[in-house]
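Counted the way my numbering counts, the sequence shown spans residues 25 to 449.
Glycine is no exception: its CB is placed at the ideal position from the N, C-alpha and C atoms.
Every value quoted in this text rests on a predicted model; they were computed, and no experiment measured them.
To start, the structure itself, in structure tokens.
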Amino acid sequence: MDKSQDPDWMQPETAETSRSMSSTSSLGSTFSADDPADLSQEDPYPSRDLLASSADCLHVWEMERNEDVSDMYGAMSIRPSLSSKKHHEQQQQQPAAPRYVLREKCALAHAKSSVSPPAPLTSFSWNAPSPNLIVTSSIDTTCTIWDLPTRTALTQLIAHDREVYDVDWCPGSADVFASVGADGSVRVFDLRNLEHSTIIYETNAQSSMSHDRRRDSKGPGALYGGMGPSGMTVPLLRIAFNPWDANYLATFQLESNTVQILDVRAPGSSILELRGHSGPVNSVAWGPPSQGIPRNGPSKGMICTGGDDAQCLVYDLTSATLRTASAQGRRSRNSLYQRSQSPHDGWRVGAEVPVLAYTAPSMVNNVSWLGMSSASRRASHQSKHRSFYRNLLSEWTDYTSPSSRHGGTDWLALCAGQSVKVLRV
């Protein structure tokens, strides 16, 4: 949706908020509503972006440039006398004004029933092909689809038997999303047919066969209690689709030091396992295609993980690696199933080790990749994944432009303790 064509879209309902993001936000994501064609104009960086965070409810914010600060920087550039020693000392004594300001657009909450208050949210995902849609996950076992222009919940479904911890839209799709939760399952939903959900992976080895089941009024708990014969179900905390190939996604378990790579075409088991952490994994993020490999090379991107061991690890997963692992997994499972009727007896998952590592001063809570350069983004904006790489601040031009000395470099950011660090890959 182009805001320039619909200026009344999501008009503010409240004044500028004084609420602390650090104390209320559990997850944030920015998304530009400007048309990709605008990136080729004189100012390729939109002056306003939308940002969302989830905690007690879904908050949608508008990020604006601080015009007072912009005017100040402009005045300094044309009046060198302001950079005198006296002025510099005054500037040092005053706190730096923020370059951007956040204003709350709306706060959205939807209760599971009319007699209960809205339950806290655990995560959300913004739909790229249809940016008016956001799906949220909650501890009350539900996922809710929100329509932002109308600020209404289009549907709320019982997604899991227990708390839902994360959700992610399938890349390039406005209808399909996947979720993970405390019941240890990865479930795929389609908005066009919400009476069916597909379980493609479960942490309980005795019951991780693929299911395609019809939900009744009692929810999926009436069909599967989340506990196998062994009585052991390990929660899954996060899920992330590969933005360059929607057949693959990553997830990891509670208190686990490994990440599982799944192929939706081969449900039941992971095809790869990312190893290297000595402590529990906290975050996983797929990155851009490797800049060091030619355009026609085999790489379909890297993947980064962060954990309690203060490690930020980068793995280079080429499309050939994923295809080979998937094919080997299907052959092995078919062979084992024919012999033992159990796809897990003797089945061993291939392992990948990191190609790069960084040690942070404290545990790494979250990781995120910086998108491709503006030139590359304009060249590829016709791609169905074009919205994945729009939101670059102008300050990064010197680092991401192909003509700069850092051109062609991949960047990622991590949260460690009370600091945010930016790394050059």
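Leu346 carries a helical assignment under DSSP once its states are collapsed to helix, strand and coil. Around the beta carbon of Thr176, a 10 Å sphere encloses fewer than 16 other beta carbons of the protein chains shown; the residue is thus reported as exposed.
Contact between Val191 and Ser161 holds, since their C-beta atoms are separated by about 4 Å, short of 8 Å. Around the beta carbon of Leu337, a 10 Å sphere encloses 16 or more other beta carbons of the protein chains shown; the residue is thus reported as buried.
Ranked by Cα distance from Leu132, the first of Glu86, Cys194, Arg89, Ser77 is Ser77. Classified as buried, Ala290 has 16 or more neighbouring CB atoms from the shown chains inside 10 Å of its CB. With contacts defined as CB atoms closer than 8 Å, Tyr225 and Leu286 qualify as a contacting pair.
Nearest neighbour of His220 by Cα position, chosen from His184, Gly208, Ala270, turns out to be His184.
In the DSSP annotation of this structure, Ala79 is not part of any beta strand (DSSP E), being labelled neither H nor E.
Glu88 carries a strand assignment under DSSP once its states are collapsed to helix, strand and coil. Gln352 carries a helical assignment under DSSP once its states are collapsed to helix, strand and coil.
Taken through DSSP and simplified to helix, strand or coil, Trp170 comes out as strand.
Apart from the 5 residues on each side of it in sequence, Pro142 sits with its Cβ closer than 7 Å to the Cβ of Cys81, Ala133, His134, Ala135 in its chain, given in chain order. Taking Ala274 as reference, the option from Glu128, Leu181, Leu346 with the minimal CA-CA separation is Leu346. Under the DSSP assignment, Gly441 falls outside any beta strand (DSSP E); it carries neither an H nor an E label. When the five nearest sequence neighbours on each side are left out, the beta carbons in the same chain lying within less than 8 Å of the beta carbon of Tyr124 are those of Met87, Glu88, Arg89, Asn90, in order along the chain. Between Gly330 and Leu341, the CB-CB gap reaches or exceeds 8 Å. If you look at Asn228, you'll find it isn't in any beta strand (DSSP E); DSSP assigns it neither H nor E. Taking Leu215 as the centre and dropping the five residues before and after it, the same chain places the C-beta of Asp199 closer than 6 Å to its C-beta, in chain order. Under the three-state reduction of DSSP output, Leu394 falls in the coil class, being neither helix nor strand. Going by DSSP, Gly374 is part of the beta strand (DSSP E) stretching over 374-376. One thing to note: Gly441 has its Cβ within 8 Å of the Cβ of Pro385. One alpha carbon belongs to Leu261, the other to Phe276, and they sit about 6 Å apart. Out of Asn306, Tyr272, Arg448, Val391, the CA that lies nearest to the CA of Thr282 is found in Asn306. In the DSSP assignment, Asp73 forms a beta bridge with Met87. Sequence-distant Cβ neighbours of Leu218 in its own chain, meaning closer than 6 Å and more than five residues away, are Leu181.
With fewer than 16 other CB atoms across the displayed protein chains lying within 10 angstroms of its CB, Asp92 is exposed. Residue nearest to Leu145 within the set Ile295, Thr383, Glu187, Ile223 is Glu187 (criterion: CA-CA distance).
Annotated three-state conformation of Arg216 is coil, per DSSP. In the three-state scheme derived from DSSP, where H, G and I count as helix and E and B as strand, Arg186 is classed as coil. The C-beta distance from Pro122 to Gly205 rounds to 37 Å, too long to meet the 8 Å contact threshold. Here Ala351 is exposed, its C-beta having fewer than 16 other C-beta atoms within 10 Å. No Cβ-Cβ contact shorter than 8 Å links Ala437 with Val449. Non-local C-beta neighbours of Asp434 in its own chain, meaning closer than 8 Å and more than five positions away in sequence, comprise Gly311, Pro312, Ser314, Gln315, Met326, Trp393, Leu394, Arg448, Val449, ordered along the chain.
As the crow flies, the alpha-carbon of Ala309 is around 13 Å from that of Leu298. When rounded, the separation of the alpha-carbon atoms in Tyr189 and Thr348 is 30 Å.
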